[in-house]
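Here is the structure we will look at.
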Amino acid sequence: MVREPIERLKEKVLKENLWLFILRLLRDGEVYAYELRRRIQEEFGFLAGKVTSYKVLYLLEKGGYVEAHKEGRRVYYKVTSKGLTQLDKAEKFLREVSESISKTSISKKKNKDNNDAC
């Protein structure tokens with residue numbers, strides 16, 4: 131059975147861009163990995179895979195987008211200025227894409243309405 135296009139879009143936007151949700155949560159303050167997974171589910175409505183979450187955190191740390199420090203048995207992560215810059219760019223890009231889709235839909239509807247009125 132072929133999946134609905136909206137389901138493919140959700141997977142691409144949500145699960146394949148986990149870094150975006152992680153940086154967004156870390157913008158509010160330090161969080162440890164397990165808590166990040168819980169908060170992603172709570173605030174964004176999907177459960178990130180355990181291994182995937184740790185892998186994304188590792189890559190974000192390696193790229194300098196987050197920093198980690200250990201307290202007891204937990205490793206806490208915080209977003210860096212480099213990570214905040216990427217988050218800002220991503221949010222701007224997503225807004226622009228959304229606005230572009232909306233504008234195109236609105237202008238096509240107006241053109242159709244104008245043509246129907248003639």
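The working numbering puts the first residue of the sequence shown at 131, with every later residue one more than the last. Virtual Cβ for every residue (Gly too), placed ideally from N, Cα, C. This one's a predicted model, so the numbers in the text were calculated from it and none came from an experiment.
* **Own chain residues within Cβ distance below 6 Å of glutamate 191, not counting five before or after** => Counting only residues of its own chain and dropping the five nearest sequence neighbours on each side, glutamate 191 has a CB closer than 6 Å to the CB of Ala198.
* Assign valine 186 to one of three DSSP states: helix, strand, or coil. => Looking at valine 186 - three-state DSSP - the assignment turns out to be helix.
* Alpha-carbon spacing of tyrosine 206 relative to threonine 234, whole angstroms -> Rounded to the nearest angstrom, the two C-alpha atoms are 43 Å apart.
* Asked: For the putative contact between alanine 163 and tyrosine 195, defined by C-beta atoms under 8 Å, what is the C-beta separation to the nearest angstrom?
  -> Beta-carbon to beta-carbon, alanine 163 and tyrosine 195 are separated by about 15 Å, too far to satisfy the 8 Å threshold.
* Which of helix, strand or coil does DSSP assign to valine 181? -> Helix at valine 181.
* Where does valine 205 fall in DSSP's three states? -> Secondary structure of valine 205 (DSSP, three-state): strand.
* Beta-bridge pairing of lysine 142 - partner residues as DSSP gives them -> DSSP lists no partner for lysine 142.
* Asked: DSSP on tyrosine 164, reduced to helix/strand/coil?
  -> Secondary structure at tyrosine 164: helix, using DSSP grouped into helix, strand and coil.
* To do: Pull up the DSSP beta-bridge partners for glutamate 191, would you.
  => Note: glutamate 191 sits in no beta bridge, so no partner.
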